[in-house]
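Heads up: the sequence shown begins at 0 in numbering that gives the first Met the number 0, then just goes up one per residue.
Below: one structure, written as structure tokens.
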Amino acid sequence: MYAKIENKSFSTSVKDNRADYEIKRYRDEKEKAQHDYCLKAGIPIFMPKTCYSCGKNVVDFYSLSECLTGILTGCRNCNKSFVS
Ligand SMILES: [Zn+2]
Numbered sequence: 000m001y002a003k004i005e006n007k008s009f010s011t012s013v014k015d016n017r018a019d020y021e022i023k024r025y026r027d028e029k030e031k032a033q034h035d036y037c038l039k040a041g042i043p044i045f046m047p048k049t050c051y052s053c054g055k056n057v058v059d060f061y062s063l064s065e066c067l068t069g070i071l072t073g074c075r076n077c078n079k080s081f082v083s
């Protein structure tokens with residue numbers, strides 16, 4: 000009975016780690032997309048990796064297509080602007 004419970008919690012934590020990994024991978028993809036967009040457009044990168052104000056990952060609040068096609072100038076979580 001104990002073994003069964005252990006197995007269950009083990010498989011749950013593996014699943015969580017995988018989901019975590021996917022989130023991080025997607026985040027990296029979005030950060031790269033934004034950097035590439037800024038380079039191509041010849042504009043400075045305003046976006047910090049984490050928001051100065053709330054400490055969240057800025058790209059988490061934007062879609063990949065938004066990171067590919069426009070400049071991220073603020074945090075959608077706390078409405079902090081990175082352009083002063
Ligand atoms: Zn913020």
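All C-beta atoms, glycine included, are put in the ideal place defined by N, C-alpha and C.
Given this structure, state the Cα-to-Cα distance separating residue i from residue j, to the nearest angstrom.
i         : j           : result
serine 83 : serine 12   : 43 angstroms
valine 57 : arginine 75 : 8 angstroms
Cβ of residue i within 7 angstroms of any heavy atom in ligand 1?
i             : result
serine 52     : yes
lysine 79     : yes
asparagine 76 : yes
lysine 39     : no
lysine 48     : no
lysine 55     : yes
Where does the unbroken alpha helix (DSSP H) through residue i begin, and where does it stop?
i           : result
cysteine 66 : 63 to 68
Determine whether the beta carbon atoms of residue i and residue j lie at a separation below 8 angstroms.
i             : j            : result
isoleucine 44 : histidine 34 : yes
In chain order, what residues of the same chain have a beta carbon less than 8 angstroms from the beta carbon of residue i, not counting five sequence neighbours either side?
i           : result
arginine 26 : Asn56, Val58 and Asp59
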